[in-house]
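Following: one structure in structure tokens, then a few remarks.
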Amino acid sequence: MTYIHPLCATCLACSCLAGAALAQPSTVVINQSGISASGISGGSVVIVNGQVVTSHDATKGTAPGKTEQRMVGAFSSLQLNAPVDAVFSASRTYSVAITAPEDILPLVLTTLTDGRLTISLSAPVVLAAPLTVAITGPSLQAVSIPGAGTLRASGLHEASIDLRLSGSGSIIAEGTVGSVRAAISGSGEVDASALHAQRLDAQLSGSGRLLGYASDAASVALTGSGDIVVAGKPHQRAVSRTGSGQVSFE
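Residues -23 to -1, 1 to 227 in mature numbering (1 follows the signal peptide of the UniProt record, and there is no 0) are what the sequence shown spells out, letter by letter.
Quick look at the structure:
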């Protein structure tokens, strides 16, 4: 499987191409009207607002893999703007370790703004596999993945947490929290069934899948063909559903 990432702003293009090798010709067009894909003769092409980005323009990760430690300050939220497989583990210390081909590592950016750690790429890359990132910190209160990244977070103990997906990414979260707000737009998946919460606010628009847990109250809104499953047998339940999707309580 080959991953192409033409800059942070085009994570959706990465999502579209991640499922097919570059040997299979395709064109992905992204503009204000939406996204379309079609077969062409030649290599894979991404067109972003009229600008063509091909796999030939991207840096190909051919060097051996290397793990690099990044110095980061205090953060409580995380945004993945690159095709990474990330793992967050609760710890007293803040750390980020990135594993990637050595020629790709300089293109991986870790930025910290107002308590939000963002992982992104500074240029187009072609990878044989996603980057891997190991993250630690004492608190994680918000996660945002606008593309094809994945995150597994364990050991969470928060008053509240916000989980957001837009695209084909995935989040798996484990721990104990007071309340969870989980929102999916697209085909991604959030598995928070092992994130034991008193209250759950779940919103899904598209064909994704959302698994949650609530012991007291659950508010669920579903639009499209996706599925929402709520464990914990909450006494208070509010459900809004439009489309062919399913909502179930376990």
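Just so it is clear, CB atoms sit at the ideal spot from N, CA and C, and this is done for glycine as well. Quantities reported herein were computed from a predicted structural model and do not represent experimental measurements.
So, residue i versus residue j, is the Cβ gap smaller than 8 Å?
{"i": "L128", "j": "G152", "result": "no"}
{"i": "V110", "j": "I138", "result": "no"}
{"i": "I161", "j": "L188", "result": "no"}
{"i": "S53", "j": "T113", "result": "no"}
{"i": "G126", "j": "L57", "result": "yes"}
{"i": "L84", "j": "A100", "result": "yes"}
{"i": "G155", "j": "A130", "result": "no"}
{"i": "I148", "j": "I122", "result": "yes"}
Check whether the Cβ of residue i sits closer than 7 Å to any heavy atom of the ligand FMN, and report yes or no.
{"i": "V206", "result": "For the ligand FMN, the structure offers nothing, since it holds no ligand at all."}
Would you tell me roughly how many angstroms separate the C-alpha atoms of residue i and residue j, rounded to the nearest one?
{"i": "G38", "j": "I81", "result": "6 Å"}
{"i": "T88", "j": "T44", "result": "18 Å"}
{"i": "R158", "j": "A40", "result": "40 Å"}
{"i": "S97", "j": "A59", "result": "5 Å"}
{"i": "A208", "j": "S145", "result": "23 Å"}
{"i": "R93", "j": "S170", "result": "25 Å"}
{"i": "R214", "j": "R69", "result": "36 Å"}
{"i": "A35", "j": "G124", "result": "18 Å"}
{"i": "E79", "j": "L104", "result": "12 Å"}
{"i": "Q180", "j": "T95", "result": "24 Å"}
{"i": "G222", "j": "Y190", "result": "19 Å"}
{"i": "residue 260", "j": "A51", "result": "Any question about residue 260 goes unanswered here, given that the chain covers just -23 to 227."}
{"i": "G220", "j": "D91", "result": "38 Å"}
{"i": "E166", "j": "S192", "result": "21 Å"}
{"i": "V102", "j": "D168", "result": "29 Å"}
For residue i, which residues in the same chain have their Cβ closer than 6 Å to its Cβ, ignoring the five residues on either side in sequence?
{"i": "V224", "result": "V197, L199, I205, V216, R218"}
{"i": "L108", "result": "V61, A77"}
{"i": "A119", "result": "S54, D139"}
{"i": "A195", "result": "L177, V207, P211, R214"}
{"i": "V73", "result": "R47, V49, T87, I112"}
{"i": "Q9", "result": "Bear in mind that the predicted position of Q9 carries a pLDDT of just 37, short of 50, making it unreliable; the figure below should be weighed with that in mind. Excluding sequence neighbours, Q9 sits near nothing in its chain."}
{"i": "F226", "result": "V207"}
{"i": "V64", "result": "A111, R129"}
Take residue i and list the residues in its own chain whose beta-carbon comes closer than 7 Å to its own, dropping the five residues that flank it on each side.
{"i": "S116", "result": "S53, E135"}
{"i": "S184", "result": "S164, G201, S202, G203"}
{"i": "R186", "result": "E166, G203, D204"}
List the endpoints of the continuous beta strand (DSSP E) containing residue i.
{"i": "S196", "result": "194 to 201"}
{"i": "V85", "result": "85 to 90"}
{"i": "F65", "result": "61 to 67"}
{"i": "H173", "result": "166 to 183"}
{"i": "L82", "result": "It is not in any beta strand (DSSP E) - L82 carries neither H nor E in the DSSP assignment."}
{"i": "A77", "result": "72 to 78"}
{"i": "V224", "result": "223 to 226"}
{"i": "T39", "result": "That residue, T39, is in no beta strand (DSSP E); it is neither H nor E in DSSP."}
{"i": "S217", "result": "213 to 219"}
{"i": "G189", "result": "186 to 190"}
{"i": "S54", "result": "54 to 57"}
{"i": "A51", "result": "Where A51 is concerned, there is no enclosing beta strand (DSSP E), given that its DSSP letter is neither H nor E."}
Go through its chain and collect everything with a Cβ distance to residue i's Cβ below 8 Å, but skip five positions before and after it.
{"i": "G42", "result": "T76, A77, P78, E79"}
{"i": "G11", "result": "For G11, the predicted model reports a pLDDT of 37, less than 50, meaning its position is unreliable; a value from the coordinates is still stated below. Nothing meets the Cβ criterion."}
Contiguous beta strand (DSSP E) assignments of at least 3 residues, all confined to the region 85 to 160: As far as the region 85 to 160 is concerned, its whole beta strand (DSSP E) runs of at least 3 residues are 85 to 90, 93 to 98, 102 to 104, 108 to 114, 119 to 122, 127 to 144.
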